[in-house]
Structure formats: structure tokens, C-alpha cells
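In what follows, a structure is listed as C-alpha cells, so that the remarks can point back to it.
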Amino acid sequence: MFCGIRAFLRLISFAILMTLLSIFVPLTRLLSGEKNAFYIYRNGMLLMHKILGIRLNIIGEFPKEPAIIMFNHPSYFDIFYNIGKRPAVMVVGHQFKKWPFIGWLAMALKSIWVNRTDPNARKKVREDVIETIKKGLSVFVSPEGRTSGSHCIHEVKPGLFHDASTNNIPIVFYSFWYHSTDFPYFHDLKSGFLLHLFKHLWRALKNKYVKVDMRISSPRKIDSADTGMQDFYRFNEWHLRNAIDKERIENPNILV
1 MFCGIRAFLR LISFAILMTL LSIFVPLTRL LSGEKNAFYI YRNGMLLMHK ILGIRLNIIG
61 EFPKEPAIIM FNHPSYFDIF YNIGKRPAVM VVGHQFKKWP FIGWLAMALK SIWVNRTDPN
121 ARKKVREDVI ETIKKGLSVF VSPEGRTSGS HCIHEVKPGL FHDASTNNIP IVFYSFWYHS
181 TDFPYFHDLK SGFLLHLFKH LWRALKNKYV KVDMRISSPR KIDSADTGMQ DFYRFNEWHL
241 RNAIDKERIE NPNILV
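Residues 1 to 256, numbered by the working numbering, are exactly what the sequence shown covers, in order.
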């Protein structure tokens with residue numbers, strides 16, 4: 001009973017805070033610039049952590065200069081961890097653009113939208129990422145694409161790694177490890193997605209805490225896409241080795 005009340009109150013508080021951020025982030029950007037707008041967003045996310053019971057253990061230091069921040073993507077909760085000290089633009093699937101709360105805030109943050117059904121979309125996203133870095137902003141993106149539902153790393157595409165190499169852009173890796181299996185999430189985004197997502201979110205928010213470790217790598221410049229991809233795999237597999245071993249035992253058919 002109490003767990004259900006907790007989940008309900010968190011959902012209501014989440015909706016209110018996301019609505020307020022969707023209003024005040026673009027208003028602040030208009031009146032006082034990008035840095036102050038991100039300051040409002042960042043503090044809003046830290047408040048969101050308290051509302052949702054997120055206990056984030058940060059291992060490492062946030063990047064101090066513009067970089068492409070690449071993270072593994074086990075859960076939709078990952079979007080709440082773009083809380084570095086400098087502004088970072090997110091890369092978001094276009095299907096979420098018209099969503100209330102999430103879509104509103106993503107538009108307020110001037111996110112880079114990617115349409116994965118458009119064969120030309122990846123090239124446009126890569127161009128937008130480079131332009132964003134040139135403006136002095138970081139980019140927060142998962143090279144896995146959508147959520148994986150596990151801590152095993154899915155195959156990544158070489159595009160952004162290639163661009164980081166040829167344009168001498170530093171990359172930073174974030175690796176997320178959820179202590180409970182209640183939080184990783186996957187769906188093919190087809191029939192029944194919204195109902196499936198809500199049921200998962202409701203179950204997740206019944207937990208007292210969302211315990212997650214976030215390990216941050218030092219910034220690095222790579223000499224080739226292959227080098228960057230292998231670095232990404234190794235960094236995550238090292239940090240997530242215990243979680244991955246457990247998932248492989250529980251589900252031998254899981255992607256490895």
C-alpha cells in the first residue's frame with residue numbers, strides 16, 4: 001500500500017517539476033544565456049533525484065571542457081544523469097519530441113533529434129554534434145542508440161567515434177550500473193510501448209531508492225573510430241563486469 005502511494009506521489013511531483021523546467025529553462029536562456037539555463041536544468045535534475053529516490057554514486061570527475069559524452073544505456077533513468085558542471089546537449093529519438101514532460105524539456109534544452117527510420121538522419125546528427133561542440137557545449141549521447149534493458153553492451157556504430165577522431169574532439173565515457181534489476185528497460189517501441197513503459201515505471205518507483213553507480217572516464221582523444229569503439233567496450237565491461245556476469249548467469253541467451 002505504502003509503496004503504491006510513494007509511486008503515485010513521485011509521478012505527480014515528476015510531472016510538476018518537468019513542466020516547470022520546460023518553462024523556466026528556455027525563459028532563462030532567453031534572458032540570461034545558455035550557461036544559466038543549464039544551471040536551472042542541472043539543479044532541477046538534482047531535485048529530481050531527491051523526488052525519485054535516486055542515489056547516484058559518482059566515480060570520477062565531470063569533464064571541464066566541451067566533449068562528446070558517451071554512455072551505456074540500460075534504462076530511461078539514464079537521462080537524469082546529464083548533470084555535469086558545463087552545458088551538455090542531449091541526442092534524443094524523434095518519437096519523443098511530442099511527448100508531454102520529457103519532450104517538452106528536451107525541446108527546451110535544444111536537444112539534437114534523431115529519426116532512426118531515416119537513412120540520412122545519422123549524417124545530420126553527426127553534423128549537429130560537431131557544430132554543438134564548436135559552440136562550446138558538450139553532447140550527451142549513447143552510441144548504443146535506444147535503451148538496452150541490461151548492462152551488457154550492445155553493438156555501437158562508428159560514426160561519432162570517426163568524427164571525434166577526425167575533428168580532434170575529446171570523448172568522455174559514462175558507465176551506469178543499476179544495483180537492482182527493476183530499473184534496466186527495453187522495448188522495441190512498437191505496439192504496446194506506452195502501457196509497457198508505464199507499468200515498468202510504476203514498478204520501479206515503488207522502490208525506496210534507485211541506487212546507481214556512475215563511473216566517469218578521463219577525457220581522451222582517439223586516433224581512429226576502431227580505437228574509440230574498443231575503448232568504449234573495455235571501459236564499460238570493466239566497470240560493469242559484476243553486473244554482466246550476474247545477468248549472463250540469470251539469462252544465458254543475453255547479448256554479450
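Beta carbons are placed, not taken as given, at the ideal position from N, Cα and C, and that holds for glycine.
Annotation: the continuous alpha helix (DSSP H) that includes A7 extends over 2-32. For A121, the enclosing alpha helix (DSSP H) stretches over residues 121-134.
Closest by C-alpha distance to R6, out of F232, K208, I222, Q230, is K208. Nearest in C-alpha terms to V25, of all of G53, D78, W104, V91, is W104.
Within the same chain, P87 come within 6 Å of E34 by CB-CB distance, once the 5 residues on both sides are set aside. The distance from the Cβ of R215 to that of G60 is about 6 Å, consistent with a contact at the 8 Å cut-off. In the pairwise beta carbon analysis, the segment 159-170 is classified as not touching the segment 189-208: fewer than three pairs are separated by under 8 Å.
Boundaries of the beta strand (DSSP E) around A88: 88-93. At a Cβ-Cβ threshold of 8 Å, D213 and I222 do not count as neighbours. Relative to A15, the option among S218, M90, W113, I102 whose CA is nearest is I102.
Exclusion of the five residues before and after S142 leaves F71, H73 as the residues of its chain whose Cβ lies within less than 6 Å of its Cβ. Counting the other Cβ atoms within 10 Å of the Cβ of D226 gives fewer than 16, which makes it exposed. DSSP, read as helix, strand or coil, puts K206 in coil.
Taking 8 Å as the cut-off, the Cβ atoms of L52 and R10 count as close. DSSP places Y185 in the coil class of the three-state scheme, outside both helix and strand. In this structure, the CA atom of L27 is about 21 Å from the CA atom of S138. In this structure, V210 and I69 do not form a Cβ contact; the two beta carbons are roughly 20 Å apart against a cut-off of 8 Å. In the three-state DSSP reduction, F173 falls in the strand class (E or B). For I83, the three-state secondary structure derived from DSSP is coil.
Taking all protein chains in view, the Cβ of W113 is crowded by 16 or more other Cβ atoms within 10 Å, so the residue is classified as buried. With the rule of 3 Cβ pairs closer than 8 Å, the segment 176-185 counts as touching the segment 147-166.
If you ignore the 5 residues before and after G136, its C-beta comes within less than 6 Å of the C-beta of P66, all in its own chain and listed in chain order. Going by beta carbons, F80 and H49 fall inside the 8 Å limit. Residue state for F71 is assigned as strand, using DSSP reduced to three classes. In its own chain, leaving out the 5 sequence neighbours on each side, no residue places its CB closer than 7 Å to the CB of S218. Taking 8 Å as the cut-off, the beta carbon of V91 is found no closer than this to the beta carbon of L109.
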